[in-house]
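The structure appears below as structure tokens.
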Ligand SMILES: Cc1ncc(C[n+]2csc(CCOP(=O)(O)OP(=O)(O)O)c2C)c(N)n1
Ligand code: SF4
Ligand SMILES: [Mg+2]
């Protein structure tokens, strides 16, 4: 297991980029690259990370990096892998490069999911990393399929009759695991050693692997930039974002929680949930609790854990 | 080249021509000493095979399907060393092509109609990232209403995507220009993607006599790709960053310079190809244009019909000519102007509608090159053949005859006409 002492001090992701102070996705990238076992290349979807790290003529990436479009990172990565293989077979290039396709939750859960599904089905040796800040942040905090129920975004505002986003967060890892891939996992930037370990495993797997990491966004969550890591931990501890692995279809919890932290504690720290603190939405909070518990128990059951 | 001897008595294989000739199978086609019988799609697949493509990513759509099917067979039979990605959509097909191209590979794909439309945003990415991808576009109408037949609406809909665009008249040209396209696209002064257009069904599904080229000759003509930039561990560069208003414009201007610098390359490659095969290519083919009063300019398979009608009218002493445009983008402005400027009437054939525009796309281009220049030529636009409607030689003859009348009287009745239209 990665501990602070043996964490690589090499920074493949340079400082000086223009992501916000306290940006969770930025932390998620810096940590992910610390899992590198050798040469690594990143194919980045459009989103905050891409836009803010490579404003021409600058770049924050000390590795081969390419941005194509919002929804095609998995397909571009597939082509890149095919090129490396083909040229290698013909003796025109040498050396293994680990390819990581990176997308935000919008580029992953919504618009990019078809290309991701294709990449997983074809069996490319690529790690897919989704940094999840639970909305389209780059375009100004619009809801995505990863936005949790009740969160206010600019396209799921907290109105007089509708209290924020309707519908549940998609079970992205479940979708990926259903492709029969060898490795899929959720992680949190709040638990860095677990996250980096998972990235390492994902890179080591022969064939496609997926890591879905929760990465709070102070701007969109309307939270204090100093509390990003704390929120990333709380997301896990409330049961809202359980962290687990799926190894060849076998679920395994990464952290055993006794009692779940009350979600109000987590909601309180974020502007996007403030409306739910009002008495008229008490029932909505109860519903969210029920949903959360149900999903959490489902994962526990899949992991063969005792349900209390 | 995998040449398999086949007995001419095998059922279902009809010798294409020649008495007592040896019949072989070449890239899936039936061949004799006189040539091979390929349809346009097979010809393109075979050209891609012989061009030693490193990566193919494609998605099937009628009438392009045969290309991907043939290529899959080459892969399944170990006849090519290409990595073939049977992706889940055209959007991903072009995206994977971009990924492979920036990885340094020689890349081929093909599509048509809805598939090309689905790729639309990725087409701009491919040209903006300067990926020399070769794509055969088997031209087909666009929905709605759905129609699988040949017209140019698909390519014209992506006309401004920054790709070099070539059009072909038959299977032979589709084959020849596919091979040339790799050399053009990958030229160090170009580094741009290129489409080879062939009319759906008229070319893609018509079996024709065609001469293929020996593998050894193609290998000499087309050496492996040597990318200028590529993404790999030994070149940790960032590709596709964000360019704000202070830089974006310059990027686009460079792209415009790149596509224009493809002109001499298209010409040189066409000449070199001519030396190798006896079939010379360039920007366009001019038929009886030296003293013509009236000429028709067209793209694709229609050009053959136009030429045959022109030949017939010439025999009757009429001063008519024909121009077949191979290279639509970059547009050969000066060269075209020099051969049309002394005409009395030029008829421009457009197999697509540019809705609400004064003319079809080709006619708009032709009209614009005449702007502020010394020429009296009258330009007439004929829209025709949408959704695969046939354009018979009788219609073309009528167009020539009416235009000869216009040339005589100087009177233009209708600047734009919809041919063979049920009004
Ligand atoms: C086809 C297409 N549609 C819409 C957009 C506009 N767009 C760019 S980034 C983005 C949202 C990105 O959200 P996400 O993937 O969650 O990444 P984040 O910005 O949160 O990091 C949108 C909608 C686009 N670039 N391309
Ligand atoms: S908006 Fe959010 S995700 Fe985007 S840079 Fe700022 S903190 Fe990071
Ligand atoms: Mg997001």
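Residue numbers (my numbering), protein chains in the order written: chain Y, 12 to 319; chain R, 21 to 443.
Yeah, the Cβ is synthetic: ideal placement off N, Cα and C, and Gly gets one too.
Partner residues on chain Y for residue i, Cβ-Cβ distance less than 7 Å
| i | result |
| --- | --- |
| residue 257 of chain R | 75 |
| residue 407 of chain R | Going along chain Y, no residue has its Cβ under 7 Å from residue 407 of chain R, so there is no contact; the nearest lies around 29 Å. |
| residue 141 of chain R | 80 |
| residue 267 of chain R | 67 |
| residue 136 of chain R | None at all; the shortest Cβ gap to chain Y is about 16 Å. |
Spatial distance of residue i from residue j (CA atoms)
| i | j | result |
| --- | --- | --- |
| residue 366 of chain R | residue 432 of chain R | 12 Å |
| residue 75 of chain Y | residue 255 of chain R | 7 Å |
| residue 68 of chain Y | residue 263 of chain R | 8 Å |
| residue 400 of chain R | residue 410 of chain R | 20 Å |
| residue 438 of chain R | residue 403 of chain R | 5 Å |
| residue 315 of chain Y | residue 262 of chain Y | 8 Å |
| residue 328 of chain R | residue 222 of chain R | 16 Å |
| residue 105 of chain Y | residue 97 of chain Y | 11 Å |
| residue 253 of chain R | residue 50 of chain Y | 6 Å |
| residue 17 of chain Y | residue 135 of chain Y | 30 Å |
| residue 306 of chain Y | residue 280 of chain Y | 23 Å |
| residue 33 of chain R | residue 160 of chain R | With a pLDDT of only 36 at residue 33 of chain R, under 50, the local geometry of the prediction cannot be trusted, and no value is derived from it. |
| residue 22 of chain R | residue 117 of chain R | Because residue 22 of chain R carries a pLDDT of 41, less than 50, the predicted location of this residue cannot be relied on, and the following value inherits that uncertainty. Distance between the alpha carbons of residue 22 of chain R and residue 117 of chain R: 27 Å. |
| residue 122 of chain Y | residue 231 of chain R | 45 Å |
CB contact check: residue i to chain R, cutoff 8 Å
| i | result |
| --- | --- |
| residue 277 of chain Y | no |
| residue 119 of chain Y | no |
| residue 50 of chain Y | yes |
| residue 125 of chain Y | yes |
| residue 129 of chain Y | yes |
| residue 142 of chain Y | no |
| residue 138 of chain Y | no |
| residue 115 of chain Y | no |
| residue 234 of chain Y | no |
| residue 134 of chain Y | no |
| residue 30 of chain Y | no |
| residue 150 of chain Y | no |
| residue 91 of chain Y | yes |
Closer than 8 Å to chain Y by CB, residue i
| i | result |
| --- | --- |
| residue 129 of chain R | no |
| residue 117 of chain R | yes |
| residue 32 of chain R | Low per-residue confidence applies at residue 32 of chain R: pLDDT is 37, beneath 50, and the placement is therefore not dependable enough to give any value. |
| residue 260 of chain R | yes |
| residue 36 of chain R | The predicted position of residue 36 of chain R is uncertain, since its pLDDT is 36 and thus under 50; a value taken from the coordinates is nonetheless stated next. Output row for residue 36 of chain R: interface = no. |
| residue 252 of chain R | yes |
| residue 429 of chain R | no |
| residue 108 of chain R | yes |
| residue 112 of chain R | yes |
Proximity test, residue i beta-carbon vs ligand 2 heavy atom, cut-off 7 Å
| i | result |
| --- | --- |
| residue 140 of chain Y | no |
| residue 199 of chain Y | no |
| residue 231 of chain Y | yes |
| residue 235 of chain Y | no |
| residue 59 of chain Y | yes |
| residue 36 of chain Y | yes |
| residue 262 of chain R | no |
| residue 30 of chain Y | yes |
| residue 148 of chain Y | yes |
Partner residues on chain R for residue i, Cβ-Cβ distance less than 9 Å
| i | result |
| --- | --- |
| residue 101 of chain Y | 72, 74, 101, 244 |
Start and end residues, alpha helix (DSSP H) containing residue i
| i | result |
| --- | --- |
| residue 215 of chain R | Element bounds for residue 215 of chain R: not the alpha helix (DSSP H) but the beta strand (DSSP E), 214-219. |
| residue 398 of chain R | Residue 398 of chain R -> not in any alpha helix (DSSP H); beta strand (DSSP E) instead, spanning 398-403. |
| residue 106 of chain R | Here residue 106 of chain R belongs to no alpha helix (DSSP H); instead the beta strand (DSSP E) covers 103-106. |
Residue range of the beta strand (DSSP E) that includes residue i
| i | result |
| --- | --- |
| residue 227 of chain R | 227-230 |
| residue 288 of chain R | Counting along the chain, residue 288 of chain R falls outside any beta strand (DSSP E), though it belongs to the alpha helix (DSSP H) covering 282-297. |
| residue 320 of chain Y | Past the edges of chain Y, shown from 12 to 319, lies residue 320 of chain Y, and the structure says nothing about it. |
| residue 438 of chain R | 436-438 |
| residue 315 of chain R | 314-318 |
Residue i beta carbon near ligand 1 (any heavy atom closer than 7 Å)
| i | result |
| --- | --- |
| residue 329 of chain R | no |
| residue 95 of chain Y | no |
| residue 55 of chain Y | no |
| residue 407 of chain R | no |
Under 8 Å from the C-beta of residue i: neighbouring residues of chain Y
| i | result |
| --- | --- |
| residue 264 of chain R | 66, 67 |
| residue 57 of chain R | Under the 8 Å cutoff, chain Y gives no residues; its nearest Cβ is about 31 Å from residue 57 of chain R. |
| residue 105 of chain R | 89, 90, 93, 133 |
Near ligand 3: residue i beta-carbon under 7 Å from a heavy atom
| i | result |
| --- | --- |
| residue 63 of chain Y | no |
Chain R residues whose Cβ lies nearer than 8 Å to that of residue i
| i | result |
| --- | --- |
| residue 147 of chain Y | Near residue 147 of chain Y there are no residues of chain R at all, since even the closest Cβ is about 16 Å away, more than 8 Å. |
| residue 62 of chain Y | 262 |
Proximal residues of chain Y, C-beta to C-beta of residue i below 9 Å
| i | result |
| --- | --- |
| residue 124 of chain R | 94, 95, 98, 103, 104 |
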